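*Asks:*
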Amino acid sequence: MTTTPSPASTATKASEALAVSTAAVELAEVVKRFEDVTAVERLDLRVPDGEFFSLLGPSGCGKTTTLRMIAGLEIPTEGSVRIFGEEMGLRPPNRRPVNTVFQSYALFPHMTVEQNIAFGLQMRRTAADETRRRVAEVIELVRLGGMERRKPQQLSGGQQQRVALGRALVNQPKVLLLDEPLGALDLKLRQAMQLELKELQERVGVTFVYVTHDQEEALTMSDRIGVMDAGRLLQVGTPEEIYEHPRTRMVADFIGQTNFLAAVAQGQGEARLADGRTVNVPPGSTSGVAITLALRPEKLSVVPAGEPSPSGANQLVGVVERRVYLGSSLTYEVALEGVTLRVRQENTPSVAQCREGDRVGIRWDPASTTVLEE
Amino acid sequence: MRAGDAVRPRGPAQRVLAANTWAVYVFLYAPILLLIVFSFNDNRIVGVWNTASLRWYREMLDNAAVLNALRNSLIVALASTAVSTVIGTAAALALERFRFPGRRVYDGLVYLPVIIPDVTMAVMMLLFFVEAFVIVQAVLGISPSLGIPTITLSHIAFNISFVAIVVRARLAGLDPALEEAAADLYASRWQAFRRVTLPLIMPGVLGGALLALTLSLDDVVVTSFVAGPGSTTLPVYVFGLVRRGVTPLINAVSTVMLVASMLLVLGSLLIQRRSPDRA
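Chain order of the listed sequences is A and B.
Each residue of the first sequence is one higher than the one before, counting from 19 in my numbering.
Each residue of the second sequence is one higher than the one before, counting from 3 in my numbering.
(1) What separation, rounded to the nearest whole angstrom, lies between the Cα atoms of T387(A) and E214(A)?
(2) What residue from D197(A), Q190(A) and Q179(A) has the CA that sits closest to L203(A)'s CA?
(3) Which residue comes first and which comes last in the beta strand (DSSP E) that contains L91(A)?
(4) Look at the Cβ atom of A57(A), then the Cβ atom of G80(A), and state whether they are nearer than 9 Å.
(5) Can the beta-carbon of V227(A) be found closer than 9 Å to that of Q253(A)?
(6) Cα separation between Q177(A) and E355(A)?
(7) Report all residues from its chain with a CB closer than 8 Å to the CB of P384(A); omit the five preceding and five following residues, and keep chain order.
(8) Can you check whether the C-beta of R51(A) is within less than 9 Å of a C-beta belonging to chain B?
(9) Find the nearest neighbour of P322(A) within the set V352(A), T304(A) and G294(A), judged by alpha-carbon distance.
(10) Going by the DSSP bridge assignment, what does R341(A) pair with across the sheet?
(11) When the Cβ atoms of the segment 124-133 of chain A are set against those of the segment 171-187 of chain B, are three or more pairs found closer than 8 Å?
(12) If the criterion is Cβ atoms closer than 9 Å, does the pair L218(A) and V181(A) meet it?
(13) Exposed or buried, R73(B), counting other C-beta atoms within 10 Å across all chains shown (16 or more means buried)?
(14) Measure the Cβ-Cβ separation of R381(A) and S319(A) and say whether it is below 9 Å.
(15) Name, please, each residue of chain A whose Cβ falls closer than 7 Å to the Cβ of Q193(B).
(16) What residues are listed by DSSP as bridge partners for A312(A)?
(17) Scan the segment 183-213 of chain B for residues whose Cβ lies nearer than 7 Å to a Cβ of chain A and list them as they occur along the chain.
(18) Measure the C-alpha to C-alpha separation of T21(A) and E259(A) and round it to an integer number of angstroms.
(19) Closer than 9 Å, CB to CB, is T30(A) near chain B or not?
(20) In chain B, which residues lie less than 9 Å from S72(A) when you measure between Cβ atoms?
(21) Tell me, please, whether the CB atom of L180(B) is closer than 9 Å to any CB atom in chain A?
(22) Can you find a C-beta in chain B that's less than 9 Å from the C-beta of A186(A)?
(23) According to DSSP, simplified to helix, strand and coil, what is N189(A)?
(24) Answer yes if the segment 43-54 of chain B comes into contact with the segment 245-254 of chain B, meaning at least three C-beta pairs across the two stretches below 8 Å, and no otherwise.
(25) Return helix, strand or coil for Y188(B), following the three-state DSSP convention.
(26) Looking at chain B, is there any beta carbon in it that lies within less than 9 Å of the beta carbon of V245(A)?
(27) Expressed to the nearest angstrom, what Euclidean distance is found between the alpha-carbon atoms of A41(A) and V99(A)?
(28) Can you confirm whether A281(B), when its beta carbon is compared against all beta carbons of chain A, has any partner nearer than 9 Å?
(29) What ranges does the beta strand (DSSP E) occupy inside the segment 85-134 of chain A, keeping only unbroken runs of at least 3 residues that lie completely in it?
(30) Can you tell me the Cα-Cα spacing of I158(B) and G244(A), whole angstroms?
(31) Please determine, among G97(A), L183(A) and P110(A), the residue with the shortest C-alpha to C-alpha distance to V131(A).
(32) Can you give me the C-alpha to C-alpha distance between V55(A) and T95(A), rounded to a whole angstrom?
(33) Give me the residue from Y350(A), N112(A), S305(A) and T358(A) with the minimum Cα distance to C372(A).
(34) Please report the distance separating the alpha-carbon of R377(A) from that of D293(A).
(35) Excluding five sequence neighbours on each side, which residues of the same chain lie with their C-beta closer than 6 Å to the C-beta of A124(B)?
(36) Can you list, in chain order, the residues of its chain whose CB lies under 7 Å from that of V463(A), leaving out five sequence neighbours each side?
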């Protein structure tokens, strides 16, 4: 998508300048190569203090490598990592003001819950009574009362996850790094932990950098999301921005479901589809440029074929190929010339239902179209 | 029929297997039993039972040559075990945790002493010492000779491999993220090793050490090549006695060695069986 208006960009620059002093984590032109494989390619990122930031992407996209570079477990091949304005350079993990919750939890199996949580404080030579007090506080915070003397093997997955969280939080890190911490839990527990994590983050006010491949998890918890693919940061924004205004096809496709329609911009807020029909689109694209229209299934609606379209709305005609009943909603796959569009409709009495083989109209508001230029 | 009374069908296969089990027991343990029994025999003639006595044990304790050999054995075993455990553990850590030039070659070479025959190892070591002595004499002007130090060095040479193998097996089952977590929680490399890695691989380290101790105490071939006059170890001494004709003294010495070895192996097994959370 093209952004042309200049006053807006000056405003952005001003707010960026403000953010410099408060950025908890700042990566500038970071590159990481392993032998001949490039894991992270020219990554720029700024996470303000107190934010719940998620790095989202498919496995192997470089998100965990990025996290490990912040932690100091990997050193960038090029570029700089700053934490609260301080250049980290070659500084080893034990001298960085961050703590990590590992994907495997990495709890020390020969230590009790208490000893695991106290480890960081002991390494920093905290006084014994203060260590005891803070460990007790954290055990309260992560709700592990009564488990102090257990060994990690004697805990459930969810409890182990809490120990890992407590072991990191007890050190009052400036930034908490989380590497797919909920990946090993079952669905129910994962959903419960999502809310718990978000609540915890708001309570302690620590900056979270959260790595996940689960888009729902990222949308649920994050203040902002950075979508990564093949070592590049494709888009950074609030969950709403990312979902409503994906900037590339990859982002639109990775987050939620999306229908893609190839078209050519006609100017005046119009675009011509492959089959020659013209639809209304948000203005902005230069006439003659090839564009892709991204349409979310829930923004489309199925109407009886003959029904006239209200002025301004787009309407195409097709045949219902498949109807999938999902309880609270229904999904239709409607075949148009050359493409199949997926439409999601709420299962409410006011919405007309149709059958496979029906000829129907598909209608949408041009404003809910995302125009991608690639 | 009551449930506890289940009749096991006894086909011919079962009978053969049962007989085989007994045959193996007899084959393995009859000589041991014989050795132990005859070590308590009062008769000078080895195979003829007379009356039970502790005569040969007393004689063993009065025999200066036996005691000297035993002392040598213990010195060599303890020294070579201590050194090879440290180096072997370090080698295992290096191979399992670090990337460095020549790692693959080192990986193969470290196991060589396990594979090559004892005699080859013995000849090799002897040749090495002879050549080394020439150089030492040329450079430092002193002329060293074969003895306890050369035996100890040879034992260190083969024990490193065994310790490295045992420790590495333990390390391979250890999540590398544990060491990263320690580093993330402000532990220096040394602290991470002391507080996390070492306690978790300790069963492997102790098991390797006991294995090294046993191998060192038992070694005849390598030792007899690199031992000098007056630096005989117990197994080499026993071997020498046999060549001069078996006396019941050997039975007593062998029984003592057998019991000591069995205790060491038992200890090694017990330690290795301990789960990491109690290490």
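Ideal Cβ positions, reconstructed from N, Cα and C, are used throughout, including at glycine.
All of these numbers come straight from a predicted model, not from anything done at the bench.
*Replies:* Working from what's here:
(1) The residue given as residue 387(A) occupies position 369 in the first sequence. The residue given as residue 214(A) occupies position 196 in the first sequence. If you take the alpha carbons of T387(A) and E214(A), they lie about 35 Å apart.
(2) If you number the first sequence from 1, residue 203(A) lands on position 185. Nearest option by C-alpha distance: Q179(A).
(3) Position 73 of the first sequence holds residue 91(A). First-last for L91(A): undefined, no H or E at that position.
(4) The residue you call residue 57(A) lines up with position 39 of the first sequence. The residue you call residue 80(A) lines up with position 62 of the first sequence. Result yes, Cβ atoms of A57(A) and G80(A) sit closer than 9 Å.
(5) Residue mapping note: residue 227(A) aligns to position 209 of the first sequence, counting from 1. Residue mapping note: residue 253(A) aligns to position 235 of the first sequence, counting from 1. Taking 9 Å as the Cβ cut-off, V227(A) and Q253(A) do not qualify as a contacting pair.
(6) Working through the first sequence from its first residue, we reach residue 177(A) at position 159. Working through the first sequence from its first residue, we reach residue 355(A) at position 337. Approximately 54 Å, taken between the alpha carbons.
(7) To locate residue 384(A), count along the first sequence from 1; it is residue 366. The answer, listed in chain order, is G287, V297, N298, V299, P300, G330, A331 and N332.
(8) Within the first sequence, the letter at position 33 stands for residue 51(A). Judged by the 9 Å Cβ criterion, R51(A) is not in contact with chain B.
(9) The residue you call residue 322(A) lines up with position 304 of the first sequence. For P322(A), the nearest C-alpha among the options comes from V352(A).
(10) Translated into the one-based positions of the first sequence, residue 341(A) becomes position 323. DSSP lists Y350(A) as partners of R341(A).
(11) By the C-beta criterion, the segment 124-133 of chain A is judged to be in contact with the segment 171-187 of chain B, since at least 3 inter-stretch pairs fall below 8 Å.
(12) Sequence index remark: in the first sequence, residue 218(A) carries index 200 (1-based). Sequence index remark: in the first sequence, residue 181(A) carries index 163 (1-based). No; because the gap between Cβ atoms is not below 9 Å, this pair is not in contact.
(13) Indexing the second sequence from 1 puts residue 73(B) at position 71. R73(B) is exposed by the Cβ-count criterion.
(14) Taking the first sequence and counting its residues from 1, the one referred to as residue 381(A) is at position 363. Taking the first sequence and counting its residues from 1, the one referred to as residue 319(A) is at position 301. Their beta carbons are under 9 Å apart, which means R381(A) touches S319(A) by this criterion.
(15) Here residue 193(B) refers to the residue found at position 191 of the second sequence. Those are M141, listed as they occur along chain A.
(16) The residue you call residue 312(A) lines up with position 294 of the first sequence. Answer is F278(A) and T388(A), bridged to A312(A).
(17) Hits within the stretch, in order: A183, A185, D186, L187, Y188, A189, S190, Q193, V198, P201 and L202.
(18) As a first step, residue 21(A) must be located in the first sequence, where it is residue number 3. As a first step, residue 259(A) must be located in the first sequence, where it is residue number 241. Unreliable placement is indicated for T21(A), whose pLDDT of 42 sits below 50; no coordinate value is reported for it.
(19) For the purposes of this step, residue 30(A) is identified with residue 12 of the first sequence, where counting begins at 1. Note that T30(A) scores a pLDDT of 48, beneath 50, so its modelled location is shaky; the value from the coordinates is reported in the next line. False, the Cβ-Cβ gap to chain B never drops below 9 Å.
(20) By one-based count along the first sequence, residue 72(A) stands at place 54. Within chain B, no residue comes near S72(A); the closest Cβ sits about 20 Å away, beyond 9 Å.
(21) Here residue 180(B) refers to the residue found at position 178 when the second sequence is read from its first residue. Judged by the 9 Å Cβ criterion, L180(B) is in contact with chain A.
(22) As a working mapping, residue 186(A) is identified with position 168 in the first sequence. Closer than 9 Å: yes.
(23) Counting from 1 along the first sequence, the entry for residue 189(A) is found at position 171. Residue state, collapsed to three classes: coil.
(24) Yes: the two stretches touch, three or more of their Cβ pairs being nearer than 8 Å.
(25) To locate residue 188(B), count along the second sequence from 1; it is residue 186. Under the three-state reduction of DSSP output, Y188(B) falls in the coil class, being neither helix nor strand.
(26) For the purposes of this step, residue 245(A) is taken as residue 227 along the first sequence, with counting starting at 1. By this cut-off, V245(A) is not an interface position.
(27) Walking along the first sequence from the start, residue 41(A) turns up at place 23. Walking along the first sequence from the start, residue 99(A) turns up at place 81. The alpha-carbon separation between A41(A) and V99(A) amounts to approximately 11 Å.
(28) Position 279 of the second sequence, counted from the start, is the residue given in the question as residue 281(B). Residue placement at A281(B) is flagged as unreliable, the pLDDT there being 38, under the threshold of 50; the coordinate-derived value follows with that caveat. Chain A contact via Cβ: present.
(29) The segment 85-134 of chain A contains these whole beta strand (DSSP E) runs: 96-101 and 116-119.
(30) Residue mapping note: residue 158(B) aligns to position 156 of the second sequence, counting from 1. Residue mapping note: residue 244(A) aligns to position 226 of the first sequence, counting from 1. Taking the straight line joining both Cα atoms gives about 56 Å.
(31) By 1-based counting over the first sequence, the position of residue 131(A) is 113. Ranked by how close their Cα comes to the Cα of V131(A), the residues G97(A), L183(A) and P110(A) have L183(A) in first place.
(32) If you number the first sequence from 1, residue 55(A) lands on position 37. If you number the first sequence from 1, residue 95(A) lands on position 77. If you draw a straight line from the Cα of V55(A) to the Cα of T95(A), it is about 12 Å long.
(33) By one-based count along the first sequence, residue 372(A) stands at place 354. The shortest Cα separation from C372(A) among Y350(A), N112(A), S305(A) and T358(A) belongs to Y350(A).
(34) Counted from its first residue, the first sequence places residue 377(A) at position 359. Counted from its first residue, the first sequence places residue 293(A) at position 275. Distance between the alpha carbons of R377(A) and D293(A): 18 Å.
(35) Along the second sequence, read from residue 1 onward, the residue named residue 124(B) stands at position 122. In chain order, V223, V224 and F227 place their CB closer than 6 Å to the CB of A124(B), counting only its own chain and leaving out the 5 sequence neighbours on each side.
(36) Residue 463(A) lies beyond the stretch modelled for chain A, which goes from 19 to 392, so this question has no answer here.
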